Amino acid sequence: MNSPLRIGVLGLTHDHVWEHLPHVRSNPDTRLIAVADPHQALLGRAEAEFHCRPYSNPGTMLDSEQLDAVYIFSDNAAGPELTEMATSRRLHVLVEKPMAADLAGADRMLADAQAANVRLLVNWPFAWWPQMQQALKLAAEGAVGDIWQVRYRAAHAGPRELGCSEYFCEWLYDPKRNGRGGAFMDYCCYGALLARTVLGMPNQVSAVAQRLVKQDIAVEDNGLLVMNYPHAIAVSEGSWTQIGKLSAYMTMIYGTTGTLMLEPRDGGRLLLATVEQPDGAPVDVPELPAHRATATAHFVHCIRTGEPSLPMCDPLICRDTQAILESGINAASAGACVSL
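Using the working numbering, read the sequence shown as starting at 35 and increasing by one per residue.
Have a look at this one:
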């Protein structure tokens, strides 16, 4: 019987970390050993809730603890350095989306993991929706024919308005730590990943990134990314100014014989429209096997079996997603299309 993987966490300023630590604690194949972050309040919370050892310095934690893997939930810009610290010690890495703040950082992370022969996975919250995994399966099997468009909209009223912590907001609103942007990097990344997963790499992108409502922040609050393919178009929308949930986090996959629509989050429906059923009908969504239901379970599975990760968590696909995002930011800045 395998011993539980000993997990350390590098960075606690990404609020998504608090959704994953309970999974580490409850999974019999993992043990949460230690966390590292410079903020004493975050260390205190982790120690109180999860009974792990706190460190203010990541290097000290890595030198002091016997670990098998780390989770990285820092700001985007810090990810590459933390990944290097972990991979140099032959530790597997799970990093929160999008991967890094820029393409150079993503390339560095990928190279470090490959050189150390350790697993690197990228966590995306929507990767664990059962309806998303089923939709990608159906699309790959040709259930809607040849795909000519994918569209994803990620939107809310803003990080502060949503209730994100001060530690999270501090770097989300900082273009250097987030990745040359705000809502564009934070939210257009989802549609970029969806497009890369379903359609591959685009040959050209165009984009708009504007501060339309929140004049008190230094980054854009809305972004639109358009990815051009020889026979398809992909659209990714990101907003920090939307009131209400209508249209938010909806996924659309359009093909020559049908259309798939995904409602968001656990419990969301998957609908298929065809010529015979133009209004759409619910598609059965099977329960996910345990190793594809959470990031923690999937990470353990990939480490122990050596099997490929889900495409959405594959570091090569996520590296390409970073390239699409960077091209989009360049296009928005220049007001021109950018070829890849």
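C-beta: ideal position from N, C-alpha, C; glycine also.
None of the values given here were measured: they were computed from a predicted structure.
Measuring straight from C-alpha to C-alpha, what distance separates residue 121 and residue 71?
Looking at the backbone, the Cα of residue 121 and that of residue 71 are separated by about 18 angstroms.
Spell out the partners DSSP gives residue 240 in its beta bridges.
Residue 240 is bridged to 260.
In the structure shown, what three-state DSSP assignment does residue 317 receive?
For residue 317, the secondary structure class from DSSP, reduced to helix, strand or coil, is coil.
Run the CB neighbour count on residue 291, radius 10 Å, all protein chains shown included, and call it buried at 16 or more, exposed below.
By the neighbour-count criterion, in which 16 or more other beta carbons inside 10 Å mark a residue as buried, residue 291 falls on the exposed side.
Less than 7 angstroms between the beta carbons of residue 199 and residue 49, yes or no?
Contact flag set, yes.
Unbroken alpha helix (DSSP H) run spanning residue 75, endpoints:
Start and end: 74 to 84.
Any alpha helix (DSSP H) of 4 or more consecutive residues that is wholly inside the segment 325 to 353
Counting only runs of 4 or more, we get 329 to 339.
I'd like to confirm the pairing. Which residues does DSSP put opposite residue 113 in its beta bridges?
In the DSSP output, where bridge partners are listed per residue, residue 113 has none listed.
Rounded to whole angstroms, what is the Cα-Cα separation between residue 278 and residue 271?
Approximately 16 angstroms between the Cα atoms of the pair.
So, is residue 376 buried or exposed, given that buried needs 16 or more other C-beta atoms within 10 angstroms?
Residue 376 is absent from the structure shown; the chain starts at 35 and stops at 374.
What are the start and end residues of the beta strand (DSSP E) that includes residue 307?
For residue 307, the uninterrupted beta strand (DSSP E) segment begins and ends at 304 to 307.
Just the Cα atoms here: how many angstroms apart are residue 363 and residue 240?
Computed Cα separation, rounded: 9 angstroms.
Output the distance between the C-alpha atoms of residue 303 and residue 89, rounded to the nearest integer angstrom.
Counting only the Cα atoms, residue 89 lies some 42 angstroms from residue 303.
Taking residue 146 as the reference, which of 224, 186, 118 has the closest Cα?
Among 224, 186, 118, the Cα nearest to that of residue 146 is on 118.
Do you know whose CA, among 261, 321, 322, 316, lies nearest residue 366's CA?
It is 261.
Going by C-alpha distance, which of 350, 168, 334, 133 is nearest residue 301?
Taking only the C-alpha atoms, the option nearest residue 301 is 168.
Go ahead and label residue 78 buried or exposed: buried means 16 or more other beta carbons lie within 10 angstroms of its beta carbon, across all protein chains shown.
Label assigned to residue 78: exposed.
Mapping DSSP to helix, strand and coil, what is residue 201?
It is helical.
DSSP state of residue 270, grouped into three classes?
Looking at residue 270 - three-state DSSP - the assignment turns out to be strand.
For residue 172, I'd like the list of residues in its chain whose CB is within less than 6 angstroms of its CB, leaving aside the five on either flank, ordered along the chain.
The answer is none, since no qualifying residue turns up.
Range of the contiguous alpha helix (DSSP H) that encloses residue 193:
Taken as a continuous stretch (DSSP letters only), the alpha helix (DSSP H) holding residue 193 covers 193 to 196.
Contacting residues, own chain, Cβ-Cβ under 8 angstroms from residue 255 (five flanking each side not counted)
In chain order, 192, 216, 217, 244, 245, 246, 247, 248, 273, 274, 275 place their CB closer than 8 angstroms to the CB of residue 255, counting only its own chain and leaving out the 5 sequence neighbours on each side.
Quick check: what's the CA-CA separation for residue 91 versus residue 286?
A direct Cα-to-Cα measurement between residue 91 and residue 286 gives close to 43 angstroms.
Quick check: residue 253 and residue 207, are their CB atoms within less than 7 angstroms of each other?
In contact: residue 253 and residue 207 (Cβ atoms closer than 7 angstroms).
Could you compute how far the alpha carbon of residue 57 sits from the alpha carbon of residue 335?
Their Cα atoms are separated by approximately 14 angstroms.
Between the segment 316 to 332 and the segment 92 to 100, do three or more beta carbon pairs fall short of 8 angstroms?
Contact between the segment 316 to 332 and the segment 92 to 100 is absent, because fewer than three Cβ pairs lie under 8 angstroms.
Going by the DSSP bridge assignment, what does residue 296 pair with across the sheet?
Paired residues: 285, 304.
Report the option in 236, 310, 258, 170 whose CA atom is closest to the CA atom of residue 221.
Of the listed residues, the one whose Cα sits closest to residue 221 is 258.
Between residue 40 and residue 59, which are expected to be in contact by the criterion C-beta below 8 angstroms, what is the C-beta distance as a whole number of angstroms?
About 13 angstroms separates the two Cβ atoms, so there is no contact after all.
In chain order, which alpha helix (DSSP H) runs of at least 4 residues are fully inside the segment 146 to 183?
Taken in chain order, the unbroken stretches of alpha helix (DSSP H) that lie wholly in the segment 146 to 183 and span 4 residues or more are 164 to 174.
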